[in-house]
Amino acid sequence: MGMARVILRPGREDSVLRRHPWIFSGAVQEVRGRPSPGETVEVLSSSGAWLAFGAWSPHSQIRVRVWSFDRGAPVEGALFEERIQRCMLLRRDILGARETNAFRLVHAESDGMPGLVVDSYAGFLVCQFSSAGVERHRDAIVDALEAAFSPRGVYERSDTDARTKEGLPKRTGLISGEEPPERVEIVEHGARFLVDIKRGHKTGFYLDQRENRLCARALSSGREVLNCFSYTGAFGVAAMLGGANSVLNVDTSAASLESALDNARLNGIDLSRFGVKEADVFSCLRELRDDGRSFDLVVLDPPKFASTAGQVARAARGYKDINMLAFEVLKPGGLLITFSCSAHIGPALFQKIVADAALDAGREASIVRYLWQASDHPVGLAFPEGLYLKGLVCAA
Ligand code: SAH
Numbered sequence: 002m003g004m005a006r007v008i009l010r011p012g013r014e015d016s017v018l019r020r021h022p023w024i025f026s027g028a029v030q031e032v033r034g035r036p037s038p039g040e041t042v043e044v045l046s047s048s049g050a051w052l053a054f055g056a057w058s059p060h061s062q063i064r065v066r067v068w069s070f071d072r073g074a075p076v077e078g079a080l081f082e083e084r085i086q087r088c089m090l091l092r093r094d095i096l097g098a099r100e101t102n103a104f105r106l107v108h109a110e111s112d113g114m115p116g117l118v119v120d121s122y123a124g125f126l127v128c129q130f131s132s133a134g135v136e137r138h139r140d141a142i143v144d145a146l147e148a149a150f151s152p153r154g155v156y157e158r159s160d161t162d163a164r165t166k167e168g169l170p171k172r173t174g175l176i177s178g179e180e181p182p183e184r185v186e187i188v189e190h191g192a193r194f195l196v197d198i199k200r201g202h203k204t205g206f207y208l209d210q211r212e213n214r215l216c217a218r219a220l221s222s223g224r225e226v227l228n229c230f231s232y233t234g235a236f237g238v239a240a241m242l243g244g245a246n247s248v249l250n251v252d253t254s255a256a257s258l259e260s261a262l263d264n265a266r267l268n269g270i271d272l273s274r275f276g277v278k279e280a281d282v283f284s285c286l287r288e289l290r291d292d293g294r295s296f297d298l299v300v301l302d303p304p305k306f307a308s309t310a311g312q313v314a315r316a317a318r319g320y321k322d323i324n325m326l327a328f329e330v331l332k333p334g335g336l337l338i339t340f341s342c343s344a345h346i347g348p349a350l351f352q353k354i355v356a357d358a359a360l361d362a363g364r365e366a367s368i369v370r371y372l373w374q375a376s377d378h379p380v381g382l383a384f385p386e387g388l389y390l391k392g393l394v395c396a397a
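Sequential numbering of the sequence shown, starting at 2, is according to the working numbering.
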């Protein structure tokens with residue numbers, strides 16, 4: 002019995018020929034065989050041309066995630082080893098001269114590993130297996146990671162919502178090696194941070210903002226900074242190390258703010274100039290505005306407001322609101338560093354939202370810099386969906 006085959010509807014091979022890795026349920030004409038979740042299938046065009054090997058995901062709208070467009074490369078250990086090796090070399094090349102021991106080693110589709118995220122924190126690897134394909138090959142992938150990286154430990158944080166869509170239960174815990182400590186200390190451009198691998202957001206830290214924190218740091222000297230959606234205070238610490246006069250960190254999570262204070266202490270920051278406020282950013286910004294408070298630099302790094310295309314309109318209103326409020330508490334000559342990490346809100350739309358916000362706030366502003374996710378979060382050229390984080394530095 003050969004490999005199961007997925008036959009596409011007429012015309013639906015185009016995106017596969019352009020090497021896009023997702024095949025949606027609506028593109029599938031017929032399935033020959035009875036593949037189980039994550040099993041490797043062959044993808045064929047309606048006229049029978051061989052297109053790709055992919056992983057079968059019966060429960061997801063993304064019915065197949067392509068592993069390879071090369072008929073001569075079977076989906077097995079050697080393929081994972083080769084891809085992970087390539088990930089390592091890329092990170093060595095792009096991060097080589099920079100000071101960090103925490104980076105994204107594998108960025109899913111954009112690194113040829115659909116549904117797999119692997120972050121490295123001071124030698125501990127944290128993995129998220131979010132698709133049926135990588136779930137099925139979990140052991141071989143972990144073997145390949147160990148062979149390439151010799152990690153101190155491999156920890157699993159497969160507690161993403163994507164797993165639910167794939168019909169997979171959430172799973173966390175030690176996979177192999179040393180159990181990571183409650184908090185792992187990392188270094189980023191000379192700043193030290195404590196990362197809670199086991200319970201923190203995502204895999205513990207927003208590695209994707211590394212280059213943008215460096216940008217904020219370079220713009221902070223002598224400024225009063227408001228760090229909205231601070232999480233564990235990483236932008237705030239960066240700003241203080243860049244010579245900010247003071248930082249106020251705002252977040253709804255008391256635990257994250259406690260960690261922000263720990264991170265400030267770890268970096269020798271004077272806590273009388275590093276404040277934390279447990280509050281909803283929307284109402285906090287309104288209060289600050291109504292109290293006549295203003296800042297020289299405002300950072301807005303909200304969570305993802307749109308998880309689906311259907312949520313874009315609502316999310317856009319949310320982004321516009323906080324950006325308008327941020328402009329309203331910005332001193333003349335101030336800077337706003339504003340982000341959106343919703344992949345469904347593209348760069349052009351985000352810029353328009355921020356423009357509308359400035360207009361409503363009655364501020365004339367210009368963009369002085371465009372910001373993106375850090376370079377260890379690459380975007381496959383055949384996979385534009387890999388771009389999710391964009392930011393603007395606005396001078397008002
Ligand atoms: N800038 C951070 C990452 C921010 S993640 C960094 O560089 O590390 C988004 C944060 O927003 C989370 O910590 C979450 O607790 C917080 N958050 C979500 N909704 C919020 C709200 N309405 N008001 C304040 N904080 C909120």
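For every residue, glycine included, the Cβ atom is placed at its ideal position computed from N, Cα and C.
Note that the structure is predicted; figures quoted are calculated from it, not measured.
Under three-state DSSP, which class holds Q374?
Within the sequence shown, the letter at position 373 stands for residue 374. If DSSP states are grouped into helix, strand and coil, Q374 belongs with coil.
Does the ligand SAH have a heavy atom nearer than 7 Å to the CB of D252?
Position 251 of the sequence shown, counted from the start, is the residue given in the question as residue 252. Yes, Cβ of D252 sits closer than 7 Å to a heavy atom of the ligand SAH.
Supposed contact pair A366 and F340 - C-beta distance, whole angstroms, cut 8 Å:
Here residue 340 refers to the residue found at position 339 of the sequence shown. Here residue 366 refers to the residue found at position 365 of the sequence shown. Rounded to whole angstroms, the Cβ separation of F340 and A366 is 16 Å, and the two are not in contact under 8 Å.
Helix, strand or coil: how does DSSP classify Q86 here?
In the sequence shown, the residue the question calls residue 86 occupies position 85. In this structure, Q86 counts as helix in the three-state DSSP scheme.
Out of L388, K321 and V369, which has the shortest C-alpha to C-alpha gap to G334?
Counting from one through the sequence shown, the residue named residue 334 turns up at place 333. The option with the nearest alpha carbon to G334 is V369.
Take every Cβ of the segment 235 to 250, pair it with every Cβ of the segment 272 to 286, and state whether three or more of those distances are shorter than 8 Å.
Verdict: yes, contact present.
Cutting at 7 Å between CB atoms, please list the residues of its own chain near D263, excluding the five before and the five after it.
On the sequence shown, position 262 is the one that residue 263 refers to. For D263, where only same-chain residues beyond five positions count, the Cβ hits under 7 Å are L195.
Please confirm whether any heavy atom of the ligand SAH lies closer than 7 Å to the CB of A235.
As a first step, residue 235 must be located in the sequence shown, where it is residue number 234. Taking the Cβ of A235 as the reference point, at least one heavy atom of the ligand SAH falls within a distance shorter than 7 Å.
Residues near R200 by beta carbon distance below 8 Å, same chain, minus five either side:
Numbered from 1 along the sequence shown, position 199 holds the residue referred to as residue 200. Cβ neighbours of R200 beyond the five flanking positions: none.
I need the boundaries of the beta strand (DSSP E) containing K332, first residue and last residue.
Reading the sequence shown from its first residue, position 331 is the one you call residue 332. Per DSSP, K332 is one residue of the beta strand (DSSP E) stretching across L331 to S341.
Figure out for me which residue from A314, S61 and R172 has the closest Cα to the Cα of D160.
Position 159 of the sequence shown holds residue 160. If we check each option's Cα against that of D160, R172 comes out closest.
Reducing DSSP to helix, strand and coil, say where Q30 ends up.
Counted from its first residue, the sequence shown places residue 30 at position 29. Annotated three-state conformation of Q30 is strand, per DSSP.
Nearest candidate by alpha-carbon position, reference K353, set Y320, H108 and E82:
Residue 353 sits at position 352 when you count from the first residue of the sequence shown. The shortest CA-to-CA distance from K353 to any of Y320, H108 and E82 is the one to Y320.
Do Y320 and the ligand SAH come close, with the Cβ less than 7 Å from some heavy atom?
One-based indexing of the sequence shown puts residue 320 at position 319. Flag unset: Cβ of Y320 not near the ligand SAH.
Just to check, is the beta-carbon of H60 closer than 7 Å to a non-hydrogen atom of the ligand SAH?
Your numbering for residue 60 matches position 59 in the sequence shown. Checking the Cβ of H60 against the ligand SAH gives no.
Pairwise C-alpha distance: F125 and S343
Reading the sequence shown from its first residue, position 342 is the one you call residue 343. Reading the sequence shown from its first residue, position 124 is the one you call residue 125. Between S343 and F125, the C-alpha separation is close to 28 Å.
Roughly how many angstroms separate the alpha carbons of F150 and Q86, rounded to a whole number?
Here residue 150 is taken as the residue at index 149 of the sequence shown, counted from 1. Here residue 86 is taken as the residue at index 85 of the sequence shown, counted from 1. Their backbone Cα atoms lie some 9 Å apart in a straight line.
Residue closest to L289, alpha-carbon to alpha-carbon, out of A133, E212, K305 and L326
The count along the sequence shown starts at 1 and reaches residue 289 at position 288. The candidate whose alpha carbon is nearest that of L289 is L326.
Specify whether the segment 66 to 85 and the segment 135 to 151 touch according to this definition: at least 3 beta carbon pairs, one from each stretch, less than 8 Å apart.
Put simply, the segment 66 to 85 touches the segment 135 to 151. At least three CB pairs are less than 8 Å apart.
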